[in-house]
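Student: Take 0 as the starting number for the sequence shown in numbering that gives the first Met the number 0 and just add one per residue.
Each residue gets a CB set at the ideal place from its N, CA and C atoms; glycine is no exception.
On a predicted model such as this, the values are computed, not experimentally measured, just so you know.
Got a structure for you, questions after.
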Amino acid sequence: MRTPLHPPIEDVGLAGVLSALGDPVRLRIVQVLADGEEHLRPDFDVPVGQSTLSHHMKTLRDAGVVLSRPEGTRCFVSLRPELEQRFPGLVAAVLRNLEDATGPAADH
0 MRTPLHPPIE
10 DVGLAGVLSA
20 LGDPVRLRIV
30 QVLADGEEHL
40 RPDFDVPVGQ
50 STLSHHMKTL
60 RDAGVVLSRP
70 EGTRCFVSLR
80 PELEQRFPGL
90 VAAVLRNLED
100 ATGPAADH
């Protein structure tokens, strides 16, 4: 498995991050990652096929939202820690707003 390319944090823009977070599947992925742990793709309970999930992961990675770390045939995904430094409170605010609109993440 190739090592994925992540944009330098200084190249991560607010418009790109917000665009990446503008999809319900990607928001669900970020909800899972908000625990601060690394996750494998089966951890994401989303109603899409593997190729579509890969597309969503690539969109989040290219926007600078997540980090992907391949290990053998597995790929671990986590929220990019520098994102909080670049845009303080952004992910928390988006997730809080999502929960206000849909109820707690545990209900999903």
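Identify the residues that DSSP records as bridge partners of Leu66: which are they?
Tutor: Along the sequence shown, one-based indexing puts residue 66 at 67. DSSP lists Ser77 as partners of Leu66.
Student: Suppose contacts are defined by Cβ-Cβ distances below 8 Å. Is Val64 in contact with Val16 by that definition?
Tutor: Locating residue 64 in the sequence shown gives position 65, where the first residue counts as 1. Locating residue 16 in the sequence shown gives position 17, where the first residue counts as 1. Yes, the Cβ-Cβ distance between Val64 and Val16 is below 8 Å.
Student: Opposite His38 in the DSSP bridges: which residues?
Tutor: Walking along the sequence shown from the start, residue 38 turns up at place 39. Its beta-bridge partners are Val76.
Student: How far does the alpha helix (DSSP H) with Pro23 in it extend, from its first residue to its last?
Tutor: Residue numbering aside, residue 23 sits at position 24 when the sequence shown is read from its first letter. Counting along the chain, the alpha helix (DSSP H) containing Pro23 begins and ends at 23-32.
Student: Work out the CA separation of Asp10 and Glu37 for me, nearest whole Å.
Tutor: For the purposes of this step, residue 37 is taken as residue 38 along the sequence shown, with counting starting at 1. For the purposes of this step, residue 10 is taken as residue 11 along the sequence shown, with counting starting at 1. In a straight line, the C-alpha of Glu37 is about 23 Å away from that of Asp10.
Student: Using only the alpha-carbon positions, how far apart do Pro87 and Thr72 sit?
Tutor: Translated into positions along the sequence shown, residue 87 becomes position 88. Translated into positions along the sequence shown, residue 72 becomes position 73. Pro87 and Thr72: Cα-Cα distance of roughly 34 Å.
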